[in-house]
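Visitor: Before we start, here is the structure in question, set down as structure tokens.
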Amino acid sequence: MTKIILILITILGSFIMRGQEISGKWNGVLKVQGTQLRVSFNINKTENGYNATMDSPDQKVTGIPLEKTTFENSILKLEIPSAQISYVGTLNKDNIIVGTFTQGGQSFEMNLSKEVIQKQVYARPQEPQKPFPYYTEEVKFENKTDHVTLAGTLSLPKKEGNFPAVILISGSGKQNRDEEILRHKPFLVLSDYLTKKGIAVLRFDDRGAGESTGDFTKATTIDFARDVQAGVDYLKTRKEINKNKIGLIGHSEGGVIAPMIAGNSKDIDFIILLAGPGLRGDKLLLLQKEILERQFGVPENDIQKGQEIFKGSYEIVLASAANDEKLKNDLSSYAHSKFDDKTAKSFTEQITNVWWYNFLRIDPAVALAKVKCPVLALNGSKDLQVPATVNLEAIKKALSKAGNKNVTIKELPGLNHLFQECKTGSPMEYDTIEQTFSPIALEEISNWLLLQIK
5 MTKIILILIT
15 ILGSFIMRGQ
25 EISGKWNGVL
35 KVQGTQLRVS
45 FNINKTENGY
55 NATMDSPDQK
65 VTGIPLEKTT
75 FENSILKLEI
85 PSAQISYVGT
95 LNKDNIIVGT
105 FTQGGQSFEM
115 NLSKEVIQKQ
125 VYARPQEPQK
135 PFPYYTEEVK
145 FENKTDHVTL
155 AGTLSLPKKE
165 GNFPAVILIS
175 GSGKQNRDEE
185 ILRHKPFLVL
195 SDYLTKKGIA
205 VLRFDDRGAG
215 ESTGDFTKAT
225 TIDFARDVQA
235 GVDYLKTRKE
245 INKNKIGLIG
255 HSEGGVIAPM
265 IAGNSKDIDF
275 IILLAGPGLR
285 GDKLLLLQKE
295 ILERQFGVPE
305 NDIQKGQEIF
315 KGSYEIVLAS
325 AANDEKLKND
335 LSSYAHSKFD
345 DKTAKSFTEQ
355 ITNVWWYNFL
365 RIDPAVALAK
375 VKCPVLALNG
385 SKDLQVPATV
395 NLEAIKKALS
405 KAGNKNVTIK
415 ELPGLNHLFQ
425 ECKTGSPMEY
435 DTIEQTFSPI
445 ALEEISNWLL
455 LQIK
């Protein structure tokens, strides 16, 4: 999943030091697995001492309220027992807090000061620069069912002509037309590569993102599929598009959406699944959670405890008739038996979120069983979000059961969820890797596409 899954950083509170004023913003950098996460703490003086909030600008999170703090003899101690988080630091004569942040048994040095900290900026050498050697046009089309207008970019090898075309379908989370994440623009790189190969490409902002209308927070995977279908309908109105050669390329959740459309439409001639899930939503999210937590160093006992808790909640969702008050009450009772009140409330809200509820219940095999057109499914061997082997096997099994014989399945060595060449596959690496899209993956995609459009 493109919904980036990073380490939860919710720490720090307020403190007092004799003769020093600590109100204001304190800044630090947490260095985890080769990447840097900036942290800012906003300290405010109150009648009883201080309160504080935390910002994590690199994760676009602000105003997180901080909990338990003590400050005695220049030593700051903070704890969030429910999240297994603690911080201990000493305020020195240079007005710097020298300390250690701990989560899930792993400890990281993190010092705080009032200096503004600039994060290291990494190059993005693959990002194409204007002027492009092909024609691009800003376009809009409408999902008439949901009254949503989607805005995007149509890239054509030449302004005039008749070309095969693909639509790029983004992964989970609100994405713009470039599927931009951590200054990487994988869909821009992919679109540029394919257009230069003679293939027209339509990529568009998710509903509620960029220039597209609609409310992303109330949308499900099914809603996003209707948005993509509206894109297909739009391409069919363009004289520059070969209507017998329209395909879909879906990344992550987009790899669930592409089969949904292809299995119910004669307009789709081929699909490519990039890190597309093959497991049902609940099984995928449990597996993803386990693998990522192990990568982040969470103790094995805690991993297994979390698996039991989340599996139990997912079983309640799967057994429910609807995402209604009864389900919310059932999940709330379950969560309160596992967590404190605050955590239980947050947990219940997450599981009953409209997207989450629906995604848990989606089995990709149902849609794949209807797909008769050619399929290419690619995944990186170091993908920790949609693990390659088990998901590719599930995709292959579903398509084989449906009798689809034009299927190519490949696990690409050394690539992560974003199809970058990487060391560990951890989401924490995405930002520091300068490569946006592996040339090997780009070549696999284009070579297969060129065979389909002959």
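269 is the number that my numbering gives to position 265 of the sequence shown; each next residue is one higher, with no gaps. Yeah, the Cβ is synthetic: ideal placement off N, Cα and C, and Gly gets one too. Since the model is a prediction, treat every value here as computed from it, not as a measurement.
Report the rounded CA-to-CA distance for I295 versus T428, giving the unit in angstroms.
Guide: Linking I295 to T428 through their CA atoms gives a straight-line distance of about 12 Å.
Visitor: Helix, strand or coil, according to DSSP, for H421 in the structure here?
Guide: coil
Visitor: Can you tell me whether I68 is helix, strand or coil according to DSSP?
Guide: strand
Visitor: So S450 and Y197 are supposed to be a Cβ contact under 8 Å. How far apart are they, rounded?
Guide: Contact between S450 and Y197 holds, with the beta-carbon distance rounding to 7 Å and staying under 8 Å.
Visitor: Count the other CB atoms within 10 Å of the CB of P443; is the residue buried (16 or more) or exposed (fewer)?
Guide: exposed
Visitor: State the DSSP-derived secondary structure class of L283, mapped to helix, strand or coil.
Guide: coil
Visitor: Indicate whether Q389 and Q292 have their beta-carbon atoms separated by less than 8 Å.
Guide: Against a cut-off of 8 Å, the Cβ pair of Q292 and Q389 comes out as a contact.
Visitor: Since L380 and I276 should fall inside the 8 Å C-beta cutoff, what is the C-beta to C-beta distance between them, to a whole number of angstroms?
Guide: 5 Å
Visitor: Alpha carbon to alpha carbon, what distance is there between V152 and F274?
Guide: 26 Å
Visitor: Quick one: grab the DSSP three-state call for I245.
Guide: strand
Visitor: Short check: CB of L194 to CB of F351, under 8 Å?
Guide: no
Visitor: For L454 and I272, I'd like the C-alpha separation in whole angstroms.
Guide: In a straight line, the C-alpha of L454 is about 16 Å away from that of I272.
Visitor: Need the endpoints of the beta strand (DSSP E) that S60 sits in, please.
Guide: 53-60
Visitor: Can you tell me the Cα-Cα spacing of D150 and V143, whole angstroms?
Guide: 19 Å
Visitor: In the DSSP assignment, find the unbroken alpha helix (DSSP H) run with A392 in it and report its ends.
Guide: 392-405
Visitor: Between F314 and L290, what straight-line distance do the alpha-carbon atoms span, to the nearest angstrom?
Guide: If I take the Cα positions, the gap works out to 7 Å.
Visitor: Name the residue from G28, Q63, P61 whose alpha carbon lies nearest to the alpha carbon of K49.
Guide: G28
Visitor: Let me know if N52 comes out buried or exposed under the rule of 16 or more other beta-carbons within 10 Å of its beta-carbon.
Guide: Exposed is the call here.
Visitor: Measure the C-alpha to C-alpha separation of W30 and I121 and round it to an integer number of angstroms.
Guide: So the alpha carbons of these two residues sit roughly 10 Å apart.
Visitor: Taking the CB atoms as reference points, tell me whether L124 and Q40 lie closer together than 8 Å.
Guide: A quick correction: the sequence has Gln, not Leu, at residue 124. Contact: yes.
Visitor: Between V375 and D328, what straight-line distance do the alpha-carbon atoms span, to the nearest angstrom?
Guide: 32 Å
Visitor: Does R211 come out as helix, strand or coil in the three-state DSSP assignment?
Guide: Per DSSP, reduced to three states, the secondary structure at R211 is coil, with no helix or strand assignment.
Visitor: Taking its Cβ as the centre, do 16 or more other Cβ atoms sit within 10 Å of K402, making it buried, or is it exposed?
Guide: It is worth fixing the name first, because residue 402 is Ala in this sequence and not Lys. Label assigned to A402: buried.
Visitor: Please determine, among Q179, N180, L186, the residue with the shortest C-alpha to C-alpha distance to E433.
Guide: Nearest of Q179, N180, L186 to E433, Cα basis: L186.
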